[in-house]
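Trainee:
In the numbering used here, the protein residues as written are 1017 to 1146.
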């Protein structure tokens, strides 16, 4: 029996996030020059598509979710971000070191978690704070 096709689930998630979401950006401090001992960094926005929702009361109870926190469902489609120098696994994925730009507002990423069944990242869920 063949396994489940998670790639198709990723395509479905990307299509739904694109249809019902909005364009935003993942802002990453990116090395743009300098030397190894004196690098130059700049904040660069990498486009993404995402859906922003509120946390439910149940999710807020007994958790570290604050009143102004938002849940961002981020599509994997079209995300192309260079890796952080100290974290090669951060290539093409948001991290807690990044920020989200949503509708002109810049939010800190508190926590980000991939939905990763069967080794295929379907989308990321980020806890973002104003």
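Quick reminder that beta carbons are idealized off the backbone N, C-alpha and C, glycines included.
Everything numeric in this text was worked out from a predicted model, so none of it was measured.
Considering only residues of the segment 1066-1095, which uninterrupted beta strand (DSSP E) runs meet the minimum length of 3 residues and lie entirely inside it, listed in chain order?
Mentor: For the segment 1066-1095, whole beta strand (DSSP E) runs of length 3 or above, ordered along the chain, are 1085-1091.
Trainee: Is it buried or exposed for residue 1021, if we count other Cβ within 10 angstroms and need 16 for buried?
Mentor: Under this definition residue 1021 is an exposed residue.
Trainee: I believe residue 1087 touches residue 1069 by the beta-carbon criterion, under 8 Å. Please report the beta-carbon distance rounded to the nearest angstrom.
Mentor: Rounded, the Cβ-Cβ distance is 5 Å, consistent with contact.
Trainee: Can you find the residues in the same chain that come closer than 7 Å, C-beta to C-beta, to residue 1039, ignoring five residues on each side of it along the sequence?
Mentor: Contacts found: 1063, 1065.
Trainee: Can you name the residues that DSSP bridges to residue 1062?
Mentor: Per DSSP, 1042.
Trainee: Hey, out of 1128, 1098, 1102, whose CA is closest to residue 1108's CA?
Mentor: Measuring from the Cα of residue 1108, the nearest candidate turns out to be 1098.
Trainee: What residue range is occupied by the uninterrupted beta strand (DSSP E) comprising residue 1141?
Mentor: Residues 1139-1145.
Trainee: In its own chain, which residues sit with a C-beta less than 6 Å from the C-beta of residue 1057, not counting the 5 before and 5 after it?
Mentor: Result list for residue 1057: 1045, 1047, in chain order.
Trainee: Can you look up residue 1057 in the DSSP assignment and give me helix, strand or coil?
Mentor: If DSSP states are grouped into helix, strand and coil, residue 1057 belongs with the strands.
Trainee: Let me check one thing: in DSSP terms, what residues is residue 1115 bridge-paired to?
Mentor: According to DSSP, residue 1115 bridges with 1043, 1124.
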